[in-house]
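Comments concern the structure below.
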Amino acid sequence: MRNRPLPARAVLAAAVLCAAAALLVVLLAPGSAPDDFGARPTAPPAAPGPEDRPRAAEDAEAAGPDGSPGTPAPERSPAAPTAVTVPRIGLDATVEPVGVQADGTVEIPEAPQAAGWYRFGTAPGASDGSAVLVGHVDFETGELGEFAALYDVRRGDTVRVDRGDAPAARYEVTARAVVDQDELPRELFRRDGPHVLTLITCAPPYDEEDGYRNNLVVTAEPAEG
């Protein structure tokens, strides 16, 4: 999955862009995508002002004029995630911290079994904000990524995020939506408000030149008890 440059509005949203072999499209019906359920993410404002810039973008820019990912935010409680599982659909991925690439896109681990935690944002198990995990749906090698399993997720599925020596954070899936990658809502990367876990991968349609044109966004809320 290769990334391509972002328009200015999407850079502010730290968007996730996708381009890869169309393996998943072949496995699904041509041009198909999973059905939405639950509340859809809110679209970004047409012209965000400086006060609306997400802190993630500010952190990335602070590193230097070239827009490189920069220095990770200072470690804070809760602990960083190390693995994510969704037992019913067989999703079982290791998790590593990722940042922002020079072109403004979120880094994504290159291993099929790995997911990336957006380290400039909220961590799983926090009291507020959206903790973002990203992963590939497929690869040019013909392998499916662990996040391809999100196409089969259902409302109420349990998500577990391991956090090293800290207790695991547990969530319940509440929504799934297919979103145009150029309109990925900025709220997905917020660092305040009710705490949620946000899982993001790629979704059809697939373009041979630019790759997948949409993102699949799964939202999970902290489980009770």
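Counting with mature numbering (1 follows the signal peptide of the UniProt record, and there is no 0), you get residues -28 to -1, 1 to 197 for the letters of the sequence shown.
Here a beta-carbon is modelled for each residue, glycine too, at the ideal position from N, C-alpha and C.
In this text the structure is predicted, and so the values were computed from the model without any measurement.
For residue i, count neighbouring Cβ atoms within 10 angstroms of its own Cβ and tell me buried if that reaches 16, exposed if not.
i: Arg25; result: Because the pLDDT of Arg25 is 34, which lies under 50, any placement of that residue in the model is unreliable, and the number read from its coordinates should be weighed accordingly. Exposed: under 16 other Cβ atoms inside 10 Å.
i: Gly114; result: exposed
i: Ala74; result: exposed
i: Gly62; result: exposed
i: Gly183; result: buried
i: Ala195; result: exposed
i: Gly107; result: buried
i: Pro176; result: buried
i: Asp129; result: buried
i: Pro13; result: buried
i: Arg127; result: exposed
i: Pro59; result: exposed
i: Pro139; result: exposed
i: Val109; result: buried
Once DSSP output is grouped into helix, strand and coil, what is the label at residue i?
i: Leu156; result: coil
i: residue 203; result: Residue coverage of the chain in this structure runs from -28 to 197, which leaves residue 203 outside it and unanswerable.
i: Phe111; result: coil
i: Pro59; result: helix
i: Ala192; result: strand
i: Met(-28); result: Below a pLDDT of 50, predicted positions are generally treated as unreliable, and Met(-28), at 44, falls in that range; the measurement from the model is reported next regardless. If DSSP states are grouped into helix, strand and coil, Met(-28) belongs with coil.
When the Cα of residue i is compared with those of the options, which residue comes out closest?
i: Ala55; options: Cys174, Ala74, Arg142, Ala195; result: Arg142
i: Phe161; options: Phe92, Ile61, Asp152; result: Phe92
i: Gly117; options: Arg158, Thr173, Arg148, Gly165; result: Thr173
i: Asp137; options: Val131, Glu193, Pro53; result: Pro53
i: Ala120; options: Pro84, Gly101, Glu193, Asp100; result: Pro84
i: Thr170; options: Thr77, Gln153, Ala95; result: Ala95
i: Phe111; options: Glu144, Ala86, Asp154; result: Ala86
i: Asp152; options: Leu188, Glu79, Val67; result: Leu188
i: Ala103; options: Ala149, Asp7, Asp164; result: Asp164
i: Asp192; options: Thr57, Pro6, Ala51; result: Looking at the sequence shown, residue 192 is not Asp but Ala. With distances taken between Cα atoms, Ala192 lies closest to Thr57.
i: His167; options: Thr146, Tyr178, Ile80; result: Thr146
i: Ser99; options: Pro81, Val133, Pro50; result: Pro50
i: residue 203; options: Arg148, Asp134, Arg132; result: Since the first and last residues shown for the chain are -28 and 197, residue 203 lies out of range.
i: Phe9; options: Val78, Glu68, Gly88, Val125; result: Val125
i: Glu155; options: Val190, Asn186, Trp89; result: Asn186
i: Val70; options: Gly76, Arg135, Pro81; result: Pro81
i: Arg158; options: Val67, Gly101, Gly97; result: Gly101
Who pairs with residue i in a beta bridge, going by DSSP?
i: Phe9; result: Arg148
i: Pro50; result: Note: Pro50 sits in no beta bridge, so no partner.
i: Gly183; result: Asp179
i: Asp164; result: Asp164 pairs with nothing; no bridge assigned.
Quiz item: Whole beta strand (DSSP E) runs in the region 71 to 143 with 3 or more residues, listed along the chain?
Solution: 86 to 90, 102 to 106, 130 to 135
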